[in-house]
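Numbering (the numbering used here), first residue to last: 190 to 351. Glycine included, each C-beta is placed from N, C-alpha and C at the ideal position. Comments concern the structure below.
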């Protein structure tokens, strides 16, 4: 279950204006220290939470979520895991389905440092459904991405929906 700090972080993201989201989209694959404007947007959301509660999402994960949210600003809804929604986008055509599954597999083997482009793809696919997403769960899962159990949970969510 996501922490209060994680939910507050997601609420902060949802309040960003379109210009701020547009600016964050230009920071794809960039570090937090590469732009003063991006840094200012990020710290305006994250730093107040971190000062109050050390359980706020760690900086690297929070920065990644900011950039991903900018790509696909889906509304937050509890109970809408990314992998379950992504499985709904799997093509029924066998060849296309296999290619789709390979992209999912490729995403799941990435380290936190290299997963961003794969998550952008997944979120763009999910956005085509026009549904909400459990952003807090994505944030918390990426916070413990190094644990094999996290990736296993994502695999099971994806497979069990097919």
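If you draw a straight line from the Cα of residue 241 to the Cα of residue 254, it comes to about 20 Å. Take residue 209, set aside five residues on each side of it, and the residues of its chain with a beta-carbon closer than 7 Å to its own are 230, in chain order. Note: residue 322 is bridge-paired with 265 in the DSSP secondary-structure output. When the alpha-carbon of residue 269 is set against those of 214, 287, 318 and 302, the nearest one is in 318.
For residue 345, the enclosing alpha helix (DSSP H) covers residues 337-348. Excluding sequence positions up to five before and after residue 334, its CB lies within less than 6 Å of the CB of 301, all in the same chain and listed in chain order. The C-beta of residue 236 has fewer than 16 other C-beta atoms within 10 Å across all chains shown, which makes the residue exposed. With contacts defined as CB atoms closer than 8 Å, residue 265 and residue 199 qualify as a contacting pair.
Straight across, the Cα-Cα distance linking residue 337 with residue 258 is about 24 Å. Within the stretch 210-274, the runs of alpha helix (DSSP H) that reach at least 4 residues and sit entirely inside it are, in chain order, 225-241 and 248-260. In this structure, residue 274 lies near residue 320, with their beta-carbon atoms less than 8 Å apart. The beta carbons of residue 260 and residue 214 sit about 6 Å from each other, so the pair counts as a contact at 8 Å. Here the alpha carbon of residue 342 sits roughly 21 Å from the alpha carbon of residue 288.
The continuous stretches of alpha helix (DSSP H) do not include residue 205, and DSSP gives it neither H nor E.
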